[in-house]
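Undergrad:
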Amino acid sequence: MSVHHRKLKQIEFSIDGTQFECQVQSWNLDPGIGDGERNYAFCPDGEFIEDPEPEPTLELTFYADWRSEGISAFLWEHAGEQAEFTLDHHPDIPAEHVRWTGQVRLRPGPAGGEARETEMTEVTLEVVGVPDFERVGSGDNGDGGNGGDNGDEGTF
């Protein structure tokens, strides 16, 4: 198999049905699956690993938006609530379009920043349970139908 790479360019992201992707600068959906706990006993087969409970999180860095429909105000107004989220990754590339859905526990990020700097907010939202994952697109080679020539990305 040859190397495949892709630059992050587009997502579709909503919380409680409100689209916020245009405010997001970076994101990470961490499945939160840690190492299991290794246990031992005094017998020949006396080793086992207990599976940990997953603790998934959604880490967001976004441009602060305090308008009535902005993500900053939304998180402050709904702090402590659970809400549905949908995150579509590579929605513009049918062969690589995947989606995560689930619930997050909302919490506001800090407000403020440096003088004359763009106001940014970083927040980590706890995902309730394990998010659902699905493949939305179709296709088999991930090149968007153009032979791997997506400008500065693709299959080599």
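Okay, so the sequence shown: first residue is -15 according to our numbering, each after it adds one. Built from N, CA and C at the ideal position, the CB exists for glycine as well.
Under the DSSP definition of a beta bridge, which residues are partnered with Ala67?
TA: According to DSSP, which records beta bridges pairwise, Ala67 is partnered with Val88.
Undergrad: Tell me where the beta strand (DSSP E) around Leu(-8) begins and ends.
TA: No beta strand (DSSP E) holds Leu(-8); DSSP gives it neither H nor E.
Undergrad: Mark Ile33 as exposed unless 16 or more other C-beta atoms lie within 10 angstroms of its C-beta, in which case mark it buried.
TA: Exposed.
Undergrad: Can you tell me which of the three DSSP states Ile55 falls into?
TA: Correct three-state label for Ile55: helix.
Undergrad: Is it buried or exposed, Ile77, if we count other Cβ atoms within 10 angstroms and call 16 or more buried?
TA: Classification of Ile77: buried, given that the 10 Å Cβ count is 16 or more.
Undergrad: Check whether the stretch 65 to 77 and the stretch -4 to 14 touch, using three or more Cβ-Cβ pairs below 8 Å as the test.
TA: Yes, the stretch 65 to 77 is in contact with the stretch -4 to 14.
Undergrad: According to DSSP, is Trp11 part of a helix, a strand, or is it coil?
TA: Strand.
Undergrad: Have a look at Asp29 and Arg22 and give me their C-alpha separation to the nearest angstrom.
TA: Asp29 and Arg22: Cα-Cα distance of roughly 13 Å.
Undergrad: If Leu59 and Val111 are in contact, beta carbons under 8 Å, what's the gap, nearest whole angstrom?
TA: Leu59 to Val111, Cβ: 15 Å. No contact.
Undergrad: Sort out for me which residues DSSP pairs Ile(-1) with in a bridge.
TA: DSSP output for Ile(-1) lists Thr2 and Phe69 as bridge partner(s).
Undergrad: Let me know the secondary structure DSSP gives Pro94 once reduced to three states.
TA: Note: Pro94 maps to coil in three-state DSSP.
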